[in-house]
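Just below is one structure, and these are the notes that go with it.
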Ligand code: SF4
């Protein structure tokens, strides 16, 4: 029965390219805007791609450990790499893992990070984009709890951070998403955020090519 399902559903994962990925939402809006308008594409170096693959390897290790210890811990993996979406808000996401403790379902998101970031996260300095990601997953799935599991890439030590569903936080986020899409429709580029002091690439690109970009935006029909 299980294998019959696997055979018949091999290639049925849906990737709707018109929806914005939740993991990108808390990041640079300028980059998102320019990329969605096909005016800019960030290049990923081979070494950066390698870093992504190291992250994937940590995911597999953690999944295996949860499965190996599930009989003793009572924690079960219900689903991994689960595609979810909210088409009315034009957003989609892929949840690393849905787990159950036998009482409720929870989101588990695994973040491998440097020793420096790991120390910061342990002090409670959790990046806002991680919070946004978990809150939207919880909202779409209707769950109350999410866990960010940080893995220190230098030591392989882990640390978990619990996030409870916060409706007011999500309402604000959904409003921001509406504004972003309204601006997209009207071809209005976002203002640089306060990450600008380090001279981020998307804003540098925008400033350098401002006239050309604004002219192209006039021609683009959203
Ligand atoms: S300052 Fe940096 S992070 Fe902020 S919008 Fe510009 S490129 Fe993006």
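Numbering (our numbering), first residue to last: 1196 to 1417. Beta carbons are placed, not taken as given, at the ideal position from N, Cα and C, and that holds for glycine. Quantities reported herein were computed from a predicted structural model and do not represent experimental measurements.
May I ask whether a heavy atom of the ligand SF4 can be found less than 7 Å away from the beta carbon of residue i?
i, result
"residue 1384", "no"
"residue 1224", "yes"
"residue 1282", "no"
"residue 1322", "no"
"residue 1327", "no"
"residue 1308", "no"
"residue 1397", "yes"
"residue 1388", "yes"
Between which two residues does the beta strand (DSSP E) carrying residue i extend?
i, result
"residue 1321", "Taken as a continuous stretch (DSSP letters only), residue 1321 belongs to no beta strand (DSSP E), as it is neither H nor E."
"residue 1279", "1271 to 1281"
Give a yes or no on whether 8 Å exceeds the smallest Cβ distance from residue i to chain B.
i, result
"residue 1274", "The displayed structure is made up of one protein chain only, and chain B is not part of it."
With distances taken Cα to Cα, identify the nearest neighbour of residue i among the options.
i, options, result
"residue 1273", "1281, 1285, 1258", "1258"
"residue 1235", "1341, 1244, 1312, 1223", "1223"
"residue 1369", "1215, 1255, 1265", "1215"
"residue 1372", "1286, 1241, 1270", "1286"
"residue 1298", "1323, 1326, 1269, 1311", "1269"
"residue 1380", "1358, 1414, 1398, 1260", "1414"
"residue 1318", "1341, 1386, 1249, 1354", "1354"
"residue 1397", "1220, 1221, 1228, 1203", "1228"
"residue 1225", "1403, 1248, 1387, 1405", "1387"
"residue 1231", "1255, 1363, 1378, 1329", "1378"
"residue 1264", "1296, 1337, 1243", "1296"
"residue 1324", "1253, 1301, 1314, 1358", "1358"
"residue 1275", "1291, 1304, 1267, 1385", "1291"
"residue 1309", "1328, 1279, 1346, 1321", "1346"
"residue 1363", "1293, 1283, 1330", "1330"
At which residues does the alpha helix (DSSP H) containing residue i begin and terminate?
i, result
"residue 1398", "1396 to 1403"
In chain order, each alpha helix (DSSP H) run of at least 4 residues that lies wholly inside the stretch 1217 to 1268: 1217 to 1220, 1224 to 1231, 1241 to 1263, 1265 to 1268
Just list the beta strand (DSSP E) runs in the stretch 1347 to 1388, keeping only unbroken ones of 3 residues or longer that don't cross its boundaries, in chain order. 1353 to 1359
Just list the beta strand (DSSP E) runs in the stretch 1280 to 1312, keeping only unbroken ones of 3 residues or longer that don't cross its boundaries, in chain order. 1286 to 1295, 1300 to 1308
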